[in-house]
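S.K.: One structure is given below, represented as structure tokens, and several questions about it will come after.
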Amino acid sequence: MMKALYVTSLHSFSGKTAVCLALGRHLQQKGYQVGYFKPLSTQPWEPVPGRALDEDADFVRRALELGERAEDLVGVVVTLSLLRSVRGGAAMCDLCPEVKAAYGRVASGKDVVLLEGGASLREGFSVGLGTPEVADALDASALAIIRFNNELALMDDCLVARLRLGERLLGVLINAVPDRAQEFVTEVARPYLEEQGIAVLGILPLREELQAMSIGELADVLDGEFLVLPEKRDELIEHLMVGAMSVDRALPRIRRIPGTKAMITGGDRTDMQLVALETAVNCLILTGHLRPVPEVLRRAEEIGVPVFLVRGNTMQTVEAIERVFGKTRLGQTAKLEQFEALLAEHFDFERLYKGLGL
């Protein structure tokens, strides 16, 4: 009998797509036929104009090598025009049958279907597709991904997940727990939640490198133009810095930041660009569509630092990156393998599979 697991969360960027991908690969390695489905998408993606898809669904489709087309893996993509037609007066319509029909096509021939929830448990109620409603309609169990923010919010989020999902909730996975909070989560939160009937299936430590984005992903988000070394687009960036201050103030700050880092600064800030290149910055993002002087590009190429140019000003560029930076994307083999290893060490697969009846 086919099983369905709804991977959901209370907040955006909690790690749902990463968990779906790692779980999917784990199930495939055990010989299960795995499907993936996103009942509701609120972030229309149009790789082809006029054709609204979901980028996360297409990403998982390719990573798990699924046979369906990208458009087959999403029940409903909510656009403004759809919202108006569904809730714009007398012409009300029920979207649930459409979601169930699409899900049925994906589920055919599968042993397990992983459903990916929206940005939060609030999402979808206005169009009749809240997570609890969809879980009931598709007879799916739920796994809630709880990203650690602080100790109180952690326990509150777990309790709210149970309140919203009820008996559908198989358990929670607590993600991105910093070292300072490990003892509290393990010794205080976990026993308390288990006493409340909430199964804690895993506690994943924070790994900064998993929050990193590739240089190519940053360039794509910003519609950037590479000036040198586009072949380094797969290298990962863990930290972002803004070079809007004086060089004297920026220098000690750059040196204090560990790991790989990118500097965002104006294309006309030659002083800042040259200092960044001499202090182990791994990428330069130049704003304002202002090309740097040849000396900067020459030096960047000599030491192997890619540089790309964007049209927006520094503030616009920072805002655009902040919307996506820290979202765990496993497009690089090394990141995927690291996340899978983390899950293998800290997640109770057997308890999950027993709960699903596998």
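When we follow the working numbering, the leftmost residue of the sequence shown carries the number 338, and every step to the right adds one. Note that the Cβ used here is the ideal one computed from N, Cα and C, for glycine as well. The model shown is predicted, which means the values in this text are computed figures rather than measured ones.
Figure out for me which residue from Pro567, Leu695, Ala587 has the closest Cα to the Cα of Gln610.
M.R.: Locating residue 610 in the sequence shown gives position 273, counting from the first residue. Of the candidates Pro567, Leu695, Ala587, the one whose C-alpha sits nearest the C-alpha of Gln610 is Ala587.
S.K.: Report the residue from Glu575, Phe676, Gly603, Asp608 whose alpha carbon sits nearest the alpha carbon of Ile594.
M.R.: By 1-based counting over the sequence shown, the position of residue 594 is 257. Comparing Cα positions, the closest option is Glu575.
S.K.: Measuring CB atoms only, is the stretch 338-350 touching the stretch 411-420, in the sense that at least three cross pairs come out at less than 8 Å?
M.R.: The answer is no - the stretch 411-420 does not touch the stretch 338-350, with fewer than three Cβ pairs under 8 Å.
S.K.: Enumerate in chain order the residues of its own chain whose CB-to-CB distance from Cys495 is below 7 Å, with the five nearest sequence positions on each side excluded.
M.R.: Walking along the sequence shown from the start, residue 495 turns up at place 158. The residues are Ile483, Val509, Leu530, Ile535.
S.K.: Considering only the alpha carbon of each residue, which of Leu458, Val525, Asp493, Pro542 lies closest to Arg501?
M.R.: Here the question's residue 501 lines up with position 164 in the sequence shown. Among Leu458, Val525, Asp493, Pro542, the Cα nearest to that of Arg501 is on Leu458.
S.K.: Identify, in the order they occur along the chain, each residue of the same chain with its Cβ nearer than 7 Å to the Cβ of Phe662, setting aside the five sequence neighbours on each side.
M.R.: Here residue 662 is taken as the residue at index 325 of the sequence shown, counted from 1. The residues are Met550, Leu577.
S.K.: Could you say if the stretch 447-456 and the stretch 369-381 meet the contact criterion of at least three C-beta pairs nearer than 8 Å?
M.R.: Touching, per the Cβ criterion.
S.K.: Quick one: what does DSSP say Glu453 is sitting in, helix, strand or coil?
M.R.: Taking the first residue of the sequence shown as position 1, residue 453 is located at position 116. Three-state result, Glu453: strand.
S.K.: Three or more beta-carbon pairs under 8 Å between the stretch 644-661 and the stretch 616-624, yes or no?
M.R.: With the cut-off at 8 Å, the stretch 644-661 and the stretch 616-624 touch.
S.K.: Who pairs with Phe374 in a beta bridge, going by DSSP?
M.R.: Within the sequence shown, residue 374 is the residue found at index 37, counting from 1. Looking at the DSSP assignment, Phe374 forms a beta bridge with Leu452.
S.K.: Flag this pair as yes or no: are the beta carbons of Leu555 and Ala599 separated by less than 8 Å?
M.R.: Looking up residue 555 in the sequence shown gives position 218. Looking up residue 599 in the sequence shown gives position 262. The answer is yes: Cβ separation under 8 Å.
S.K.: Is Ile771 buried or exposed, if buried means 16 or more other CB atoms sit within 10 Å of its CB?
M.R.: The requested residue 771 does not occur in the structure, where the chain is confined to residues 338 to 695.
S.K.: Taking only three categories from DSSP, how would you classify Pro434?
M.R.: Here residue 434 refers to the residue found at position 97 when the sequence shown is read from its first residue. The answer is helix: DSSP assigns Pro434 an H, G or I state.
S.K.: Please say whether Val397 and Thr345 have beta carbons closer to each other than 8 Å?
M.R.: The sequence position of residue 345 within the sequence shown is 8, counting from 1. The sequence position of residue 397 within the sequence shown is 60, counting from 1. Cβ atoms of Thr345 and Val397: not closer than 8 Å.
S.K.: Please classify Tyr369: does DSSP put it in a helix, a strand, or coil?
M.R.: If you number the sequence shown from 1, residue 369 lands on position 32. It is coil, neither helix nor strand.
S.K.: Distance, Cα to Cα, Glu402 vs Gln675?
M.R.: Locating residue 402 in the sequence shown gives position 65, counting from the first residue. Locating residue 675 in the sequence shown gives position 338, counting from the first residue. About 20 Å.
S.K.: Where does Ala587 fall in DSSP's three states?
M.R.: Position 250 of the sequence shown, counted from the first residue, corresponds to residue 587. Three-state result, Ala587: helix.
S.K.: Classify Lys447 as helix, strand or coil using the three-state DSSP reduction.
M.R.: Along the sequence shown, read from residue 1 onward, the residue named residue 447 stands at position 110. Lys447: coil per DSSP, three-state reduction.
S.K.: Suppose contacts are defined by Cβ-Cβ distances below 8 Å. Is His683 in contact with Ile540 by that definition?
M.R.: Start at 1 with the first residue of the sequence shown, and residue 683 comes out as number 346. Start at 1 with the first residue of the sequence shown, and residue 540 comes out as number 203. Their beta carbons are under 8 Å apart, which means His683 touches Ile540 by this criterion.
S.K.: Quick check: the stretch 403-412 against the stretch 367-375, are there 3 or more CB pairs under 8 Å?
M.R.: Yes: at least three Cβ pairs fall under 8 Å.
S.K.: For Arg484, list the residues DSSP reports as bridge partners.
M.R.: Taking the first residue of the sequence shown as position 1, residue 484 is located at position 147. Answer is Asn512, bridged to Arg484.
S.K.: Along the chain, where does the beta strand (DSSP E) containing Ile601 start, and where does it finish?
M.R.: By one-based count along the sequence shown, residue 601 stands at place 264. It spans 598-603 - the beta strand (DSSP E) in which Ile601 sits, taken as one unbroken run.
S.K.: How many angstroms separate the CA atom of Pro542 from the CA atom of Glu488?
M.R.: Here residue 542 refers to the residue found at position 205 when the sequence shown is read from its first residue. Here residue 488 refers to the residue found at position 151 when the sequence shown is read from its first residue. Spanning the two alpha carbons is a distance of roughly 14 Å.
S.K.: Starting from Gly553, trace the alpha helix (DSSP H) both ways and give me its first and last residue.
M.R.: Counted from its first residue, the sequence shown places residue 553 at position 216. Where Gly553 is concerned, the enclosing alpha helix (DSSP H) stretches over 552-558.
S.K.: Per DSSP, what kind of secondary structure is Ala536 in: helix, strand or coil?
M.R.: Start at 1 with the first residue of the sequence shown, and residue 536 comes out as number 199. Reduced to three states, the DSSP call for Ala536 is coil.
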